[in-house]
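Here you go:
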């Protein structure tokens, strides 16, 4: 029965065999999870953030657990563009699924430089623009909270990535996320991903200091899922549906039901993040669970489910 | 290291709890059984490697069974796995058993105490790099601080089984008698003979025991007794090695002592970590780059948890 169900996704022109991707920063550069699952069973892979120069990241502690979630302040630690090209790309080239490279930087020029260098790589399906990281002093979220800057940076990176897909990752730390979404689309975004983490703090009551060395970190995990579902639905209804721009929904997904919620809210695809830390093969289990949901609900094409929220009562 | 040894494949396995009971005042000892692929993966477990245990599904004990100082914090839910190093691993024909010796100190470990014979527990491992035993060593000095005991005990067994020519001495420290992660009676007679910690005595390894308050063994820091031993024994640098696991301040002190005596020293480090498999990048340890003033962050989970003490810049 489940063989007859089409859960493939046309994501801004990229064919995904299924709607489940790995979220940036939670699944390494390429095949770190290969010991735990068949990577080819994923719909797609999103690398951790790549910056022009290598970044050490923040001092420790970099994480702290909360009820139903965790805070992280890694600080975009990564090997930098050159080592990514020489060490990680060869592994990515062996992967049989679409790979999106998450790009971060402190200036627009840095984002553009990383994208320009990588756009000629055939094996890269597209880019995810990280303008929503809450854990670095410069760049990151400071771009993502100002619509005029969102337009500018998206336009610059879109010009650099040529025909490759550009996904813009949105922060929830704004009054109206639809405004940011509109700005990204105006700048040329092919798709939107939402949401990044929420800035948060945990205090050690013995020392009266923040637990994280960075003081604050980004809250992720099941705790943020209902907010993420709401924001995906808001952006879908107010912006993305009419503009025909697909949404990659993420924030606290760890079950197939969670993933289906995002799809009903308006996401064409979803990404699994924090849950992979606990259950490394979580994403593959969710793929199977989505098929079962479709079978049980007589859905032959997952695309029919996208944005199918039954709007009852006042919006 | 036998020639047929290859890096074992890590994985996500379900272990069966064989037993789970208190060991000392703040510790529990859980015996686990792996079968099939898990048995094969853990048969290759090296002392110092670790596992990530999912305790989120286990229930809380009755309120009066929870240590009073943990009753409030235990109301918190557990999301992430917790890292532990096995204290003993035994590969048999069709199964591999492991001893998980854990300190009861928060919402996850309190939940773990409710597991009992027959229960299933989800384990990711074996992870990281364990201790190595360089060629030509004739003396191994094992230094344990409090809950750092498990990987050192596992190493003691390996040294006894595969390196009988290496003379081994254990230095065990804790704040108090109650904070000692060992079972068995610390009787005065065997103490005088130098075999005061049963967990090491059973491998024929003499030990020096020290507590901060003198409630067990001698009073003082374990590192003071390491220095005293080194002062009293002929110990050619190339022939001796120090292995340590415990609080970071102790590891830093052991590293300084090893440097002073020009001894090789391997330390098992700990950091807050989410995944244990290199995804989250949270368990950073600042390390020296060879022939350079620069430092880099290595990952405790992937590059460690065992590091050459000379490489590590210890946190204060």
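Residue numbers (my numbering), protein chains in the order written: chain C, 1 to 315; chain F, 316 to 631.
Think of the CB as a built atom: it goes at the ideal place given N, C-alpha and C, for glycine as much as any other residue.
Quick caveat, the model's predicted, so the values are computed rather than measured.
Cβ distance (whole Å) where residue i is taken to contact residue j below 8 Å
| i | j | result |
| --- | --- | --- |
| residue 488 (chain F) | residue 460 (chain F) | 5 Å |
| residue 466 (chain F) | residue 424 (chain F) | Contact flag wrong, Cβ pair sits at about 17 Å. |
| residue 84 (chain C) | residue 269 (chain C) | That pair is no contact at about 23 Å. |
Selection from the options that minimises the alpha carbon distance to residue i
| i | options | result |
| --- | --- | --- |
| residue 563 (chain F) | F:483, F:628, F:452, F:577 | F:628 |
| residue 230 (chain C) | C:255, C:242, C:267 | C:267 |
| residue 429 (chain F) | F:374, F:442, F:411, F:401 | F:374 |
| residue 402 (chain F) | F:571, F:509, F:470, F:442 | F:470 |
| residue 397 (chain F) | F:449, F:542, F:367 | F:367 |
| residue 194 (chain C) | C:212, C:209, C:167 | C:167 |
| residue 365 (chain F) | F:611, F:624, F:591, F:600 | F:591 |
| residue 389 (chain F) | F:372, F:420, F:412 | F:420 |
| residue 320 (chain C) | C:110, C:190, C:41, C:35 | Past the boundaries of the shown model lies residue 320 (chain C); chain C is included only from 1 to 315, so the question cannot be answered. |
| residue 171 (chain C) | C:303, C:224, C:21 | C:224 |
| residue 257 (chain C) | C:151, C:78, C:291, C:145 | C:291 |
| residue 45 (chain C) | C:151, C:96, C:80 | C:96 |
| residue 433 (chain F) | F:485, F:335, F:608, F:363 | F:335 |
| residue 35 (chain C) | F:326, F:348, F:372 | F:326 |
| residue 361 (chain F) | F:452, F:468, F:457 | F:468 |
| residue 338 (chain F) | F:495, F:353, F:558 | F:495 |
| residue 271 (chain C) | C:7, C:5, C:21 | C:21 |
CB contact check: residue i to chain C, cutoff 7 Å
| i | result |
| --- | --- |
| residue 397 (chain F) | no |
| residue 386 (chain F) | no |
| residue 586 (chain F) | yes |
| residue 391 (chain F) | yes |
| residue 617 (chain F) | no |
| residue 596 (chain F) | yes |
| residue 333 (chain F) | no |
| residue 330 (chain F) | no |
| residue 639 (chain F) | Examination of residue 639 (chain F) is not possible in this model, given that chain F is present from 316 through 631 alone. |
| residue 417 (chain F) | no |
| residue 472 (chain F) | no |
| residue 624 (chain F) | no |
| residue 540 (chain F) | no |
| residue 321 (chain F) | Because residue 321 (chain F) sits at a pLDDT of 48, beneath the cut-off of 50, its placement in the model cannot be relied upon, and the point is left open. |
| residue 339 (chain F) | no |
Beta carbon proximity, residue i to chain F, threshold 7 Å
| i | result |
| --- | --- |
| residue 316 (chain C) | In the structure as shown, chain C starts at 1 and stops at 315, and residue 316 (chain C) therefore has no counterpart that could be examined. |
| residue 258 (chain C) | no |
| residue 27 (chain C) | yes |
| residue 61 (chain C) | yes |
| residue 32 (chain C) | yes |
| residue 143 (chain C) | no |
| residue 67 (chain C) | yes |
| residue 56 (chain C) | yes |
| residue 97 (chain C) | no |
Beta-carbon proximity list for residue i, same chain, < 6 Å, skipping 5 on both sides
| i | result |
| --- | --- |
| residue 350 (chain F) | 410 |
| residue 533 (chain F) | 525 |
| residue 613 (chain F) | 600, 602 |
| residue 615 (chain F) | 584, 586, 598, 600 |
| residue 577 (chain F) | 552 |
| residue 418 (chain F) | 341, 342, 462 |
| residue 567 (chain F) | 629 |
Same chain only: Cβ atoms within 8 Å of residue i, ignoring 5 sequence neighbours per side
| i | result |
| --- | --- |
| residue 179 (chain C) | 147 |
| residue 595 (chain F) | 588, 589 |
| residue 305 (chain C) | 260, 263, 264, 294, 299 |
| residue 64 (chain C) | 70, 71, 202, 211, 212, 217 |
| residue 405 (chain F) | 411, 412, 413 |
| residue 66 (chain C) | 200, 202, 219, 221, 223 |
| residue 475 (chain F) | 483, 518, 519, 520 |
| residue 49 (chain C) | 24, 25, 76, 78, 102, 103, 104, 130, 133 |
| residue 435 (chain F) | 329, 330, 331, 332 |
Spatial neighbours of residue i in its chain, beta-carbon cut-off 7 Å, leaving aside the 5 residues before and after
| i | result |
| --- | --- |
| residue 98 (chain C) | 14, 16, 44, 125 |
| residue 89 (chain C) | 121 |
| residue 443 (chain F) | 364, 365, 616, 617, 619, 620 |
| residue 82 (chain C) | none |
| residue 94 (chain C) | none |
| residue 92 (chain C) | 30, 99, 123 |
> What runs of the alpha helix (DSSP H), each 4 residues or longer, lie entirely inside the segment 203 to 250 of chain C?
Replying inline: Entirely contained in the segment 203 to 250 of chain C, the alpha helix (DSSP H) runs reaching 4 residues are, in chain order, 225 to 235.
>> Report the start-end ranges of each beta strand (DSSP E) in the segment 412 to 467 of chain F that is 3 residues or longer and not cut off at the edges.
In response: Runs of the beta strand (DSSP E) inside the segment 412 to 467 of chain F: 435 to 442, 454 to 460.
>> As an exercise, report each continuous beta strand (DSSP E) stretch of at least 3 residues that is fully enclosed by the segment 562 to 627 of chain F, in chain order.
In response: Counting only runs of 3 or more, we get 579 to 583, 599 to 603, 610 to 614, 621 to 623.
> Can you list, in chain order, the stretches of the alpha helix (DSSP H) that have 4 or more residues and sit fully within the segment 154 to 189 of chain C?
Replying inline: The segment 154 to 189 of chain C contains these whole alpha helix (DSSP H) runs: 177 to 187.
> In chain order, which continuous runs of the alpha helix (DSSP H) of length 4 or greater are located wholly inside the segment 50 to 102 of chain C?
Replying inline: When DSSP assignments are scanned along the segment 50 to 102 of chain C, the uninterrupted stretches of alpha helix (DSSP H) that are 4 or more residues long and fall wholly within it turn out to be 80 to 83, 89 to 92.
> Mind pulling the beta strand (DSSP E) runs of 3 or more residues that sit fully within the segment 480 to 559 of chain F?
Replying inline: Listed in chain order, the complete beta strand (DSSP E) runs (minimum 3 residues) inside the segment 480 to 559 of chain F are 482 to 489, 522 to 526.
> Quick one, which residues of the segment 36 to 48 of chain C are near chain B if we go by CB-CB under 7 Å, in chain order?
Replying inline: No chain B appears in this structure, whose protein chains are C and F.
> Counting only runs that start and end within the segment 245 to 301 of chain C, where is the alpha helix (DSSP H) found for 4 or more residues in a row?
Replying inline: The qualifying runs are 256 to 265, 275 to 278, 282 to 296.
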